[in-house]
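To start, the structure itself, in structure tokens.
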Amino acid sequence: MNQHDLNFATKRVANNDGKIAPQKIVPPHEQSGAILNLKLSDLRNSIQRNRRWIFWWSLAAAFSAIFYLSLAADIYVATASLTLEPRRQVGSASDASANQPVMLDSAQADSQLQVIRSEILLRAVFNKLKPEDVQLLSLNHGILSTASRKIFGLFRGSTPAHTSPDQEKSSEVKREIAFQRFMQRVNARRIGLSYVIEISSYAETPELAARLSNAVVMQYIYEQIAAKAAAAQGGSEYLQVRIERLKSELNAAERAVIDGTVPTMFFPDADARVIGSAVAPLGRSYPQPILVIIYAAILGPIGAIIASTIWHQLSEAIKGADDLERISRVECIATVQASDPTGRSKLRGRPHRDAIGDIDTYLRFISRHRRSTAIGFVSYNKPRIGSRLLRDVAQHISNGGGHVIVVDACSFVTRGQAAQTSSSDSSMYPLAKTSMESESPAEQYVRIYCYSPGKSYDLCEPLDNVLTNLRNTEHAGPLVLIDLPDLRTSKAARTLFDYIDGAILVAETGRLLPDQYQFCLNLIRSSNADIISTILVDVEG
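Numbering (this note's numbering), first residue to last: 1251 to 1791.
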């Protein structure tokens, strides 16, 4: 198997000038494809990385659902039903054909359905409604209008009155608007292929919903009886007793339309029979709180996951160790998890200990044949976990019996702070042996963290003395880890590359772009240094 067939092949060699060679990675081929190359692993990583954002998005969706339920108007639906039973008009009481049923086909049933939905029948019902019902139908029950009425009602105790001359509409226009909304509230449908018609209506109160449905049903009965009554009055063959019976049925149907009820009397001359009157519903039909909360609980996280996954795929930023290795051609030695801006909640536990152990093993490997090694940790924009990672690595090395010094070159302290912080015991720090009193007040001091088996402390030393001793030391010293300033905003990191044996780039997922990494690579190489490996900080949420 040749080297081209290897998935990842590493080479660890030393440069002629004593620098540590980059840990090169030779991928078998360039990976290219569609922009959205979604995999289950990408989805899992996206959920884990953005779980905090997904949680807050889901919580916002739940609160939005609760807010909607508190503002939405309550809708009640009432349903009445009737069956079509056409009866033959007879010329006299002794006509035997009166008992013979009239055949009704499907087309005629559909025609009667359109009659119920017609404007003439619904307008007749609307004209017989009570004034308070018409006033309630004229209101706009949208969520914004309902919210404004509820908010004004808290201060005024009633619906706000709009008395502006420019906004006041005439009573005729308002009544027509109420009628149009009434027509939208009424629905009639045929049950399958049967001759049963179901009439439903919705309103903001259960009583009004029941009255509207019953009124439409009884108006249809009234129209059927009125047609036969008109024919009876114009035909000399009808008896006076039949005319009186039709009038009584008409009066009962008209009263039922006005009251919004279905009487218990039988209407033998109607071509339809009421088989179910509308009753006031016990609970509101819309909105349904359980369904709204379930939809919010399901669609909220799903929407957040889909949005975060698509955003994660469309982003050009480095998403994982594979992306970092493919772009840099340099080995990523560890992936450190961090879940908040300070990194405290995920810098503990087994995953973090494993990552620190991998970094420790790598540092011991590259420094095993060297008398002293100085490694600089650099980034394009400073990772939010800062130098905490270096101190954890140093503590891990000291727990294993090693000596290590961490130089925090990212921030400088004053001479007075250095005098208060420095320890009198510098036996384990042989790189800089200077007197604090002999230094110039303008000298830049850096904080140094020293770690040895069973002992650790921090002190401050002049930066120039530390770097000079790093360059001139010939004896075997401890491993030195230098936390360099970020390359994006600081020029000090460029002058420090001459004092280190190699640089490790610390990249953060979602922040480092390929062109930014190329900028880091060119800048470090122009300073006679190399990126020997990388560390990925995987930030969640």
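We put the CB at the ideal spot given by N, CA and C, even for glycine.
Since the structure is predicted, the reported quantities are computational estimates derived from the model, not experimental observations.
How close, in whole Å, do the beta carbons of residue i and residue j come, if the pair is a contact with beta carbons under 8 Å?
i, j, result
"P1537", "Y1326", "That belief does not hold up - the Cβ atoms of P1537 and Y1326 are roughly 12 Å apart, past 8 Å."
"D1788", "Q1587", "5 Å"
"L1734", "A1659", "6 Å"
"R1439", "E1448", "6 Å"
"F1517", "I1471", "6 Å"
"V1542", "L1379", "With 8 Å as the limit, V1542 and L1379 do not qualify as a contact, their Cβ atoms being about 31 Å apart."
"R1618", "Y1699", "At roughly 23 Å, the Cβ-Cβ gap does not stay under 8 Å, so R1618 and Y1699 are not in contact."
"L1755", "C1770", "6 Å"
"I1568", "I1577", "7 Å"
"A1502", "A1328", "Wrong, their Cβ atoms sit about 21 Å apart, outside the cutoff."
"D1780", "Y1630", "Their Cβ separation, rounded to whole angstroms, is 16 Å, which puts D1780 and Y1630 out of contact at 8 Å."
Going by CA-CA distance only, name the one from the options that's closest to residue i.
i, options, result
"K1744", "K1705, F1627, D1642", "Here the sequence assigns Arg to residue 1744, which means Lys is not the residue at that position. Nearest option by C-alpha distance: F1627."
"W1307", "A1554, L1332, Y1472, F1429", "A1554"
"T1784", "G1510, C1582, T1329, S1451", "C1582"
"E1422", "Y1445, A1453, Q1385", "Q1385"
"A1571", "T1329, A1757, R1697", "A1757"
"S1356", "S1444, R1425, T1333, D1324", "S1444"
"A1330", "V1512, L1709, P1336, R1495", "V1512"
"I1304", "I1556, A1584, I1774", "I1556"
"P1336", "L1549, R1579, K1497, Q1474", "Q1474"
"E1369", "R1431, Y1767, S1420", "R1431"
"E1575", "R1294, C1710, Y1767, D1751", "Y1767"
"D1191", "L1773, L1762, I1732, P1531", "The shown model of the chain, from 1251 to 1791, leaves out residue 1191, and the question about it has no answer."
"D1608", "L1549, R1775, N1715, L1786", "L1786"
"M1453", "I1493, A1481, G1442, D1383", "Checking the sequence shown, residue 1453 turns out to be Ala, not Met. Nearest of I1493, A1481, G1442, D1383 to A1453, Cα basis: D1383."
Can you tell me whether DSSP reads residue i as helix, strand or coil?
i, result
"R1579", "coil"
"V1384", "helix"
"G1650", "coil"
"L1731", "strand"
"L1371", "helix"
"F1376", "helix"
"I1556", "helix"
"N1437", "strand"
"D1708", "strand"
"A1584", "strand"
"I1449", "strand"
"A1322", "coil"
"S1463", "helix"
"L1755", "strand"
"G1442", "coil"
"F1627", "strand"
"L1737", "coil"
"I1655", "strand"
"T1333", "strand"
"I1698", "strand"
"V1507", "helix"
"V1327", "strand"
Using a Cβ-Cβ cut-off of 6 Å (strictly less than) and excluding sequence neighbours within five positions of residue i, which residues of its own chain qualify?
i, result
"L1613", "none"
"V1730", "A1624, I1655"
"A1546", "A1311, A1312, A1315"
"H1646", "I1606, D1610"
"M1433", "L1372"
"G1510", "R1461, N1464, A1465"
"K1424", "S1388"
"I1366", "A1438, Y1470"
For residue i, which residues in the same chain have their Cβ closer than 8 Å to its Cβ, ignoring the five residues on either side in sequence?
i, result
"A1476", "L1500"
"D1360", "R1440"
"A1753", "I1625, G1626, F1627, V1628, L1734, F1747, I1774, A1779, D1780, I1781, I1782"
Give me, in chain order, the residues of the same chain whose beta-carbon lies closer than 7 Å to that of residue i; leave out the 5 immediate sequence neighbours on both sides.
i, result
"L1363", "A1438, R1440, I1447"
"I1427", "S1388"
"V1507", "V1375, K1378, A1465, M1468, Q1469, Y1472"
"L1639", "V1586"
"S1648", "V1654, Y1701, S1702, P1703, S1706"
"S1558", "S1296, N1300, W1303, I1304"
"E1504", "Y1472"
"K1497", "A1479"
"I1544", "none"
Run the proximity test for residue i: is its beta-carbon closer than 6 Å to any non-hydrogen atom belonging to the ligand FMN?
i, result
"N1715", "Absent from the structure shown: the ligand FMN. Ligands present: none."
Complete alpha helix (DSSP H) runs within the stretch 1763-1789 (minimum length 4 residues, chain order): 1764-1776
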